[in-house]
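2 protein chains.
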Amino acid sequence: MAETTQQDKTAKQLRLLEQALDSGRLGPVKRLVNTLSAAEIGNLLESLPSAKRQVVWGLVDAEDDGEVLVHVGEDVREDLLRAMDTDEIVAAAESLDIDDLADLFEDLPDTVVDEVLKSMDRENRERLEQMLTYDEDTAGRLMNPDVVTVRADVTVDVVLRYLRLRGELPEATDHLYVVSRRRQYQGRLSLAQLLTADPAVAVNRIMDADQPAIDAETEVAEVAQRFANYDWLSAPVVDENNVLLGHITIDDVVDIIRDQAEHQALGAAGLDEEEDLFAPVPRTTKRRAVWLGINLLTAFLASWVIGNFENVLKQVVACAVLMPIVASMGGVAGTQVQTLMIRAMALGQVSASNAMHLLRKEMLVALANGILWALTVGGVALLIYRDAWLALAFGAAMVLNLLAAAFTGVFLPLALRRVGIDPALAGGVLLTTVTDCCGFATFLGLSTVLLVR
Amino acid sequence: MAETTQQDKTAKQLRLLEQALDSGRLGPVKRLVNTLSAAEIGNLLESLPSAKRQVVWGLVDAEDDGEVLVHVGEDVREDLLRAMDTDEIVAAAESLDIDDLADLFEDLPDTVVDEVLKSMDRENRERLEQMLTYDEDTAGRLMNPDVVTVRADVTVDVVLRYLRLRGELPEATDHLYVVSRRRQYQGRLSLAQLLTADPAVAVNRIMDADQPAIDAETEVAEVAQRFANYDWLSAPVVDENNVLLGHITIDDVVDIIRDQAEHQALGAAGLDEEEDLFAPVPRTTKRRAVWLGINLLTAFLASWVIGNFENVLKQVVACAVLMPIVASMGGVAGTQVQTLMIRAMALGQVSASNAMHLLRKEMLVALANGILWALTVGGVALLIYRDAWLALAFGAAMVLNLLAAAFTGVFLPLALRRVGIDPALAGGVLLTTVTDCCGFATFLGLSTVLLVR
Numbered sequence: 001m002a003e004t005t006q007q008d009k010t011a012k013q014l015r016l017l018e019q020a021l022d023s024g025r026l027g028p029v030k031r032l033v034n035t036l037s038a039a040e041i042g043n044l045l046e047s048l049p050s051a052k053r054q055v056v057w058g059l060v061d062a063e064d065d066g067e068v069l070v071h072v073g074e075d076v077r078e079d080l081l082r083a084m085d086t087d088e089i090v091a092a093a094e095s096l097d098i099d100d101l102a103d104l105f106e107d108l109p110d111t112v113v114d115e116v117l118k119s120m121d122r123e124n125r126e127r128l129e130q131m132l133t134y135d136e137d138t139a140g141r142l143m144n145p146d147v148v149t150v151r152a153d154v155t156v157d158v159v160l161r162y163l164r165l166r167g168e169l170p171e172a173t174d175h176l177y178v179v180s181r182r183r184q185y186q187g188r189l190s191l192a193q194l195l196t197a198d199p200a201v202a203v204n205r206i207m208d209a210d211q212p213a214i215d216a217e218t219e220v221a222e223v224a225q226r227f228a229n230y231d232w233l234s235a236p237v238v239d240e241n242n243v244l245l246g247h248i249t250i251d252d253v254v255d256i257i258r259d260q261a262e263h264q265a266l267g268a269a270g271l272d273e274e275e276d277l278f279a280p281v282p283r284t285t286k287r288r289a290v291w292l293g294i295n296l297l298t299a300f301l302a303s304w305v306i307g308n309f310e311n312v313l314k315q316v317v318a319c320a321v322l323m324p325i326v327a328s329m330g331g332v333a334g335t336q337v338q339t340l341m342i343r344a345m346a347l348g349q350v351s352a353s354n355a356m357h358l359l360r361k362e363m364l365v366a367l368a369n370g371i372l373w374a375l376t377v378g379g380v381a382l383l384i385y386r387d388a389w390l391a392l393a394f395g396a397a398m399v400l401n402l403l404a405a406a407f408t409g410v411f412l413p414l415a416l417r418r419v420g421i422d423p424a425l426a427g428g429v430l431l432t433t434v435t436d437c438c439g440f441a442t443f444l445g446l447s448t449v450l451l452v453r
Numbered sequence: 001m002a003e004t005t006q007q008d009k010t011a012k013q014l015r016l017l018e019q020a021l022d023s024g025r026l027g028p029v030k031r032l033v034n035t036l037s038a039a040e041i042g043n044l045l046e047s048l049p050s051a052k053r054q055v056v057w058g059l060v061d062a063e064d065d066g067e068v069l070v071h072v073g074e075d076v077r078e079d080l081l082r083a084m085d086t087d088e089i090v091a092a093a094e095s096l097d098i099d100d101l102a103d104l105f106e107d108l109p110d111t112v113v114d115e116v117l118k119s120m121d122r123e124n125r126e127r128l129e130q131m132l133t134y135d136e137d138t139a140g141r142l143m144n145p146d147v148v149t150v151r152a153d154v155t156v157d158v159v160l161r162y163l164r165l166r167g168e169l170p171e172a173t174d175h176l177y178v179v180s181r182r183r184q185y186q187g188r189l190s191l192a193q194l195l196t197a198d199p200a201v202a203v204n205r206i207m208d209a210d211q212p213a214i215d216a217e218t219e220v221a222e223v224a225q226r227f228a229n230y231d232w233l234s235a236p237v238v239d240e241n242n243v244l245l246g247h248i249t250i251d252d253v254v255d256i257i258r259d260q261a262e263h264q265a266l267g268a269a270g271l272d273e274e275e276d277l278f279a280p281v282p283r284t285t286k287r288r289a290v291w292l293g294i295n296l297l298t299a300f301l302a303s304w305v306i307g308n309f310e311n312v313l314k315q316v317v318a319c320a321v322l323m324p325i326v327a328s329m330g331g332v333a334g335t336q337v338q339t340l341m342i343r344a345m346a347l348g349q350v351s352a353s354n355a356m357h358l359l360r361k362e363m364l365v366a367l368a369n370g371i372l373w374a375l376t377v378g379g380v381a382l383l384i385y386r387d388a389w390l391a392l393a394f395g396a397a398m399v400l401n402l403l404a405a406a407f408t409g410v411f412l413p414l415a416l417r418r419v420g421i422d423p424a425l426a427g428g429v430l431l432t433t434v435t436d437c438c439g440f441a442t443f444l445g446l447s448t449v450l451l452v453r
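Going down the list, the sequences are from chains A and B. Just so we're aligned, residue 1 is where the first sequence starts under the UniProt record's numbering, counting upward by one. Just so we're aligned, residue 1 is where the second sequence starts under the UniProt record's numbering, counting upward by one.
1. Going along chain A in order, which residues have a C-beta closer than 9 Å to the C-beta of Phe278/B?
2. For Thr442/B, does the count of other Cβ atoms within 10 angstroms reach 16, so buried, or fall short, so exposed?
3. To which residues of the same chain is Trp291/A closer than 6 Å at the C-beta, ignoring the five residues directly before and after it?
4. Measure the alpha-carbon distance for Ala228/A versus Ala216/A and round it to whole angstroms.
5. So for residue 454/A, helix, strand or coil by DSSP?
6. Between Tyr230/B and chain A, is the shortest Cβ-Cβ distance under 9 Å, so that the two count as touching?
7. Alpha carbon to alpha carbon, how far is Ala381/B from Gln7/A? Give it in angstroms, no decimals.
8. With a threshold of 8 Å, are at least 3 pairs of Cβ atoms found where one atom belongs to the stretch 153 to 163 of chain B and the other to the stretch 190 to 209 of chain B?
9. What does DSSP give as the partner residues of His175/B in its beta bridges?
10. Please report how far the alpha carbon of Leu425/B lies from the alpha carbon of Ala39/A, in whole angstroms.
11. Compute the distance between the beta-carbons of Leu176/B and Arg188/B, then report whether it is under 9 Å.
12. Would Lys118/B be called buried (16 or more neighbouring beta carbons within 10 Å of its own) or exposed?
13. So which residues on chain A does Thr285/B lean against when the C-beta distance must stay under 7 Å?
14. Under 8 Å Cβ-Cβ, which residues of chain A neighbour Met329/B?
15. Leu412/A and Gly395/A: beta carbons closer than 9 Å?
16. In or out: Arg288/A buried (at least 16 other Cβ within 10 Å) or exposed?
17. Going by beta carbon distance, what residues of the same chain come within less than 6 Å of Leu80/A, once the five residues before and after it are set aside?
18. Strictly under 9 Å for the Cβ-Cβ distance: is Glu18/B near chain A by that measure?
19. Just to confirm the assignment, what range does the beta strand (DSSP E) spanning Val317/A have?
20. By DSSP, does Gln184/A sit in helix, in strand, or in coil?
21. Contact between the stretch 95 to 106 of chain A and the stretch 61 to 73 of chain A is defined here as three or more beta-carbon pairs at a separation below 8 Å; is this criterion met?
22. Does the Cβ-Cβ distance between Leu165/B and Leu195/A come in under 9 Å?
23. Closer than 8 Å by C-beta to Leu36/A: which residues in its own chain qualify, once you throw out the five before and the five after it? Chain order, please.
24. For Asp252/A, I'd like the list of residues in its chain whose CB is within less than 7 Å of its CB, leaving aside the five on either flank, ordered along the chain.
25. Starting from the Cα of Thr298/B, find the closest Cα among Lys9/A, Phe105/A, Val326/A and give me that residue.
26. Would you please verify whether the beta carbon of Thr442/A is less than 9 Å from any beta carbon of chain B?
27. Pull up the CB-CB distance for Leu132/A and Ala102/A, whole angstroms please, since I reckon it's below 8 Å.
28. Take the Cβ of Leu383/B as the centre, count every other Cβ of all protein chains shown within 10 Å, and call the residue buried at 16 or more, exposed below.
29. Could you check whether the Cβ of Cys319/A sits closer than 9 Å to any Cβ belonging to chain B?
30. Using the three-state DSSP reduction, which class does Ser234/B fall into: helix, strand or coil?
31. Can you tell me whether Gly439/A is buried or exposed? The criterion is at least 16 other CB atoms within 10 Å of its CB, across all chains shown.
32. For the alpha helix (DSSP H) containing Leu80/A, list its first residue and its last residue.
33. In its own chain, which residues sit with a C-beta less than 7 Å from the C-beta of Leu16/A, not counting the 5 before and 5 after it?
34. Quick test of your reading: Leu392/A and Leu313/A, contact by CB under 8 Å. State the CB separation rounded to the nearest angstrom.
35. If you drop the 5 nearest sequence neighbours on each side, which residues of the same chain put their C-beta closer than 7 Å to that of Gln186/B?
36. So, at 6 Å on beta carbons, what are the nonlocal neighbours of Met1/A in its own chain, with the 5 sequence-adjacent residues on each side left out?
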């Protein structure tokens, strides 16, 4: 991402903040921090080592505490909560909207949860408790239950008068929801329609009855996909009896998409998006070690493949010099194919019939590129080592490994999904294991046949 | 990403479509296609090989053509446009909103652009021409110019009567914008406020004058960042004289974020997000070859490093067997650090002072993990080869390469950004080049010192 003004601004705030902290003058720090939005404060807190973070956290206005907690990753949130006593946490939680509160509840101590629930009015408590019956990462947990409902048989004029009496509407309200006596969802009415419709007309004459509702148990990834496919800006959420529970607006979907993108970028390197940049060394070491350990097993596998060809390695040292090139090119070519496959699969663009078509296309591309680069590397090997058989083994192994890479790139993600593993997370390691092993085996195998007498 | 219902649905439609196409019965295909949304049709077209794609494209209702063209990648769009004559393209373009049209204009032939401009009314033509004066990827091109403006000194009642007279509001309208006689932006008024405010009060008494405007020349990445930092749902766009040009709504930001995520995921493998999955083999081969060529250069560099140690490779064949393990572990450890750095940099979370802190932390983590895995691999080497000096060289190289990987992972992305290269795109290749070379050099170098007599 190119450097942008917001990045510069955050980086500059961070520098100022650290300078002020280092000088021990907390007055300027407090003033600086409290001019920022909750998201910006969260961002800054994530950028500070734990000791400085606690100092700055103590200077944040108490009324912003809740919002800031919503805007930081889980690990940093735990770090911040540790410094607060129960009363402070309860006060922070009380300042939040219900949907944000539901988001935070998982990380709060039970005593705090009880306190907060006790302090809420009955309606909100029931709403919150209902949201918490749904799994994390479902529509029922993501939605905002704070919606305005009207009945289908009243006139627009009645609705207008009701709204004026009611006063302020909940944040992000773009529609009123039309429900039955039993609160079953029937349709919706946009604020724009209310403002332009004939006041004498009945709600059911102008309401939008075509907008489908989302089942509260729908996974958030699916919710995001539907918003994208149908260009929705908001959608109602209902339970299994079509009773309206709340609505999801497109700003919630932004968060899902951002989280998904982070999850994939970090997950591919064996990292967790909730991780604190400044987590203590022992904790970080432990977390990273797992991924390194998995990789070590795959590296030993490749190494074992090489070990089977000690004979040719002893006789032709050039094989040891050139073999990483074959493996590396296969890894890159395979990664390209697999990356495209994973993206197409996420969009539902891969079926049994076109998978075969894709495979054929990718094998042809691999063959063409294989021949191109085989001639190149074969030529180079011939120039350096003046050995036609070595050049032949090198070039042929290149073609074979690129073909294997294309095949693996198409089928590995399909196979992983079949067994329920996310190919975006595990695919990279597995693919390079295949291309490494295959690259070493073909090159050293061909060399054994052609060069060992 | 886990398999979801929408994915299943798309994959199922694709299967049905291909079956119907293969059987040659176009009636069912036409019926199936025209029950879908524009985004879904676009998705399906992207999933079909070019010949079938053209058949299906011919069956899409003409009135949906424009929307579908907006929803496909550039390469597929070119493919579809090639099959249309000028009249059809003009008709498709005329059915679009101005902001979608501006999006499409880059890819349309000049004759079509002229036709479309001629067919528009003066106001819309001027708006569109103004949008086109701004660069792609700026707020001025992203915005929707179709906004409703009111004056500050009128009462809410006047606004309400005006809206009722006006009829329908533009799509995605959530605010009216308050402007001066010269159309300079002064503030905004949400539809919710209009519905709940006292009709007798003047607009300037209740308008939100705090919402900042976005300069039309702001880059879209920056726009997305501001929406995230301040939790905006929409924002006005102004020119350099504070004249209101239009507004950006959060659904536009969703598209930016989606594009950024795709750009990074694909870019890291040297791919282009506009690429057609079913592009002809020669074109795909050429595009992929570039990235393979770059990688080949780096692979030859690593190979050259190995070539400097032919002496030890000849004498101790175990070195050739074990050396890829050292290189591979360095690559994984470095990728982890670099991935976190790139993410923190994108959020503005890295400053000069905390970069040193991060480096210290990462070097400690690398040291701890280095020792852990050095003991493991050293032990394994000792068991297999019964050579303490080899085990020592192997373990020590592991520690050194993990340290080098941590150092590179912290500083490489900073250095790349300094010289204006996106670390998310180029970082991976460069990092593994460093860790490969360093891994081979330390292990083979140490082996030379310890094992060659």
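Idealized CB from N, CA, C, for every residue including glycine. Bear in mind that the values here come from a model prediction, so they are computed numbers and not experimental data.
In terms of the structure at hand:
1. Here residue 278/B refers to the residue found at position 278 when the second sequence is read from its first residue. In chain order: Asn354, His357, Leu358, Lys361.
2. The residue labelled residue 442/B in the question sits at position 442 within the second sequence. Flag for Thr442/B reads buried.
3. As a position in the first sequence, residue 291/A is number 291, starting the count at 1. Gly270, listed in sequence order.
4. Start at 1 with the first residue of the first sequence, and residue 228/A comes out as number 228. Start at 1 with the first residue of the first sequence, and residue 216/A comes out as number 216. Cα to Cα, the separation comes out at about 18 Å.
5. In the structure displayed, chain A extends from 1 to 453; residue 454/A sits before or after that span and is not available.
6. Taking the second sequence and counting its residues from 1, one reaches residue 230/B at position 230. Chain A contact via Cβ: present.
7. Counting from one through the first sequence, the residue named residue 7/A turns up at place 7. Counting from one through the second sequence, the residue named residue 381/B turns up at place 381. Cα-Cα distance, rounded: 47 Å.
8. yes
9. Your numbering for residue 175/B matches position 175 in the second sequence. Answer by DSSP bridge pairing, in chain order: Ser190/B.
10. Counting from one through the second sequence, the residue named residue 425/B turns up at place 425. Counting from one through the first sequence, the residue named residue 39/A turns up at place 39. In this structure, the straight-line span from the alpha carbon of Leu425/B to that of Ala39/A is close to 27 Å.
11. Translated into positions along the second sequence, residue 176/B becomes position 176. Translated into positions along the second sequence, residue 188/B becomes position 188. Yes, the Cβ-Cβ distance between Leu176/B and Arg188/B is below 9 Å.
12. The count along the second sequence starts at 1 and reaches residue 118/B at position 118. Exposed, because fewer than 16 other Cβ atoms sit within 10 Å of the Cβ of Lys118/B.
13. The residue labelled residue 285/B in the question sits at position 285 within the second sequence. Those are Val365, Ala368, Asn369, listed as they occur along chain A.
14. On the second sequence, position 329 is the one that residue 329/B refers to. In chain order: Leu292, Asn295, Leu296, Ala299.
15. If you number the first sequence from 1, residue 412/A lands on position 412. If you number the first sequence from 1, residue 395/A lands on position 395. Gly395/A is positioned such that its CB atom lies no closer than 9 Å to that of Leu412/A.
16. Taking the first sequence and counting its residues from 1, one reaches residue 288/A at position 288. Classification for Arg288/A: buried.
17. For the purposes of this step, residue 80/A is taken as the residue at position 80 of the first sequence. These residues qualify, in order along the chain: Trp57.
18. Stepping through the second sequence from its first residue, residue 18/B is reached at position 18. Output row for Glu18/B: interface = yes.
19. By 1-based counting over the first sequence, the position of residue 317/A is 317. Val317/A -> not in any beta strand (DSSP E); alpha helix (DSSP H) instead, spanning 317 to 346.
20. Start at 1 with the first residue of the first sequence, and residue 184/A comes out as number 184. In the structure shown, Gln184/A sits in a strand (DSSP, three-state: E or B).
21. yes
22. The residue labelled residue 165/B in the question sits at position 165 within the second sequence. The residue labelled residue 195/A in the question sits at position 195 within the first sequence. Contact flag unset, no.
23. Along the first sequence, one-based indexing puts residue 36/A at 36. Answer for Leu36/A: Gln13, Leu44, listed in chain order.
24. As a working note, residue 252/A is residue 252 in the first sequence. Sequence-distant Cβ neighbours of Asp252/A in its own chain, meaning closer than 7 Å and more than five residues away, are Leu142.
25. Along the second sequence, read from residue 1 onward, the residue named residue 298/B stands at position 298. If we check each option's Cα against that of Thr298/B, Val326/A comes out closest.
26. Walking along the first sequence from the start, residue 442/A turns up at place 442. Output row for Thr442/A: interface = no.
27. Mapped onto the first sequence, residue 132/A falls at position 132. Mapped onto the first sequence, residue 102/A falls at position 102. Leu132/A to Ala102/A, Cβ: 6 Å. Contact.
28. To locate residue 383/B, count along the second sequence from 1; it is residue 383. Leu383/B is exposed by the Cβ-count criterion.
29. Working through the first sequence from its first residue, we reach residue 319/A at position 319. Chain B contact via Cβ: present.
30. Taking the second sequence and counting its residues from 1, one reaches residue 234/B at position 234. In the structure shown, Ser234/B sits in a strand (DSSP, three-state: E or B).
31. The residue given as residue 439/A occupies position 439 in the first sequence. Counting Cβ neighbours within 10 Å, Gly439/A comes out buried, since at least 16 surround it.
32. The residue you call residue 80/A lines up with position 80 of the first sequence. Residues 74 to 82.
33. Working through the first sequence from its first residue, we reach residue 16/A at position 16. Taken in chain order, the residues that qualify are Leu32.
34. Within the first sequence, residue 392/A is the residue found at index 392, counting from 1. Within the first sequence, residue 313/A is the residue found at index 313, counting from 1. About 18 Å separates the two Cβ atoms, so there is no contact after all.
35. For this step, residue 186/B is matched to residue 186 along the second sequence. Ala152, Val178, Val179, Ser180, Ala209, listed in sequence order.
36. On the first sequence, position 1 is the one that residue 1/A refers to. Confidence at Met1/A is low in this model, with a pLDDT of 36, below 50, so the placement of that residue is unreliable and no value is reported for it.
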